[in-house]
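Visitor: The sequence shown begins at 963 in my numbering and counts up by one.
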Amino acid sequence: FANPRTAGVIALTTDLEDAIIDCKISDGTSDIFIATKEGMSIRFNEGDVRGMGRTARGVKGMTIAKDDIVIGMEVFEKGNKDTILMVTQSGYGKRSELEEYRIQSRGGVGIITQKTTDKVGLVVGTRKVKATQEVILSTDKGQNIRMKVSDISVLGRNTQGVRLINLSEKEEMVTSLAVIDEDVAGIDVVATDVTGEEVH
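1. Compare the C-alpha of G1104 against each of E1036, G1020, V971 and K1132 and name the closest.
2. Starting from the C-beta of Y1054, find all residues in its chain whose C-beta is less than 7 Å away, skip the five residues before and the five after it, and write them out in chain order.
3. Grab me the residues of G1001's own chain with a C-beta within less than 7 Å of its C-beta, minus the 5 sequence neighbours each way, in chain order.
4. Can you name the residues that DSSP bridges to Y1054?
5. For the candidate residues T991, L1060 and R1068, whose alpha-carbon lies nearest to that of G1020?
6. In the DSSP assignment, the beta strand (DSSP E) including I1033 goes from what residue to what residue?
7. Could you check where the beta strand (DSSP E) with D993 kicks off and where it finishes?
8. Do V1032 and I996 have their CB atoms nearer than 8 Å?
9. Ignore the nearest five residues each way along the sequence and tell me which others in G1087's own chain have a CB closer than 7 Å to its CB.
10. Within the same chain, show all residues whose beta-carbon is closer than 7 Å to that of V1037, passing over the 5 residues directly before and after it, in chain order.
11. As a quick exercise: from D1080, G990, L1060 and R1016, pick the residue whose alpha carbon is nearest that of G1009.
12. Measure the Cβ-Cβ separation of I1046 and R1057 and say whether it is below 8 Å.
13. Leaving out the 5 sequence neighbours to the left and right, which residues in its chain are closer than 6 Å to N1120 when beta-carbon positions are compared?
14. Quick check on G1087: does DSSP put it in helix, strand or coil?
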């Protein structure tokens, strides 16, 4: 990457049916967290991933089911106390402590990070967040809602979460984005408080 080109450079070789969904900088000693739309996740030490050339295909981070896809990843440095935010299609979400996720070997099937049901839907986004931050939740109808991270319940990983926002009929969440206590230029948001109770 030291010699950039106008058209860019290849960062990773992918198969036709595959795509890059995220990219993060790490320090070589961190833990990697990967989550899927079906609510599965894996945490492994990045030391399990050997160094490769820029155009290499890479190694398998997680084994996923046939119809599942990865929706996000995070890098947790040693001693990081951030929580993991999960947001679902139907406007439900939660935060979970990193300690809820044991370190596993790279390439495994992982463990449940979010119960996905007809009520809460599939997972659409995951972020590591601080209690001092705020998040903006976006829907497929163009609605953006901002809320304090501290208002989102910290729950066990194998739970459905709480309702974060009320959606109209056929409206779905599309993404979640952590922001640091300040307005995001160019995005109109509606501030809201989380009032939902945990779904069982």
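Each residue gets a CB set at the ideal place from its N, CA and C atoms; glycine is no exception. Predicted, not measured: the structure shown is a model, and the values here were computed from it.
Guide: Here's the rundown:
1. K1132
2. V1082, Q1122, G1123, V1124, R1125, L1126 and V1161
3. I1074, T1075, Q1076, K1077, T1078 and V1085
4. R1125
5. R1068
6. V1032 to F1038
7. D993 to T998
8. yes
9. I1033, G1034, V1049, T1137 and S1138
10. K986, S988, S992 and I994
11. G990
12. yes
13. I1074
14. strand
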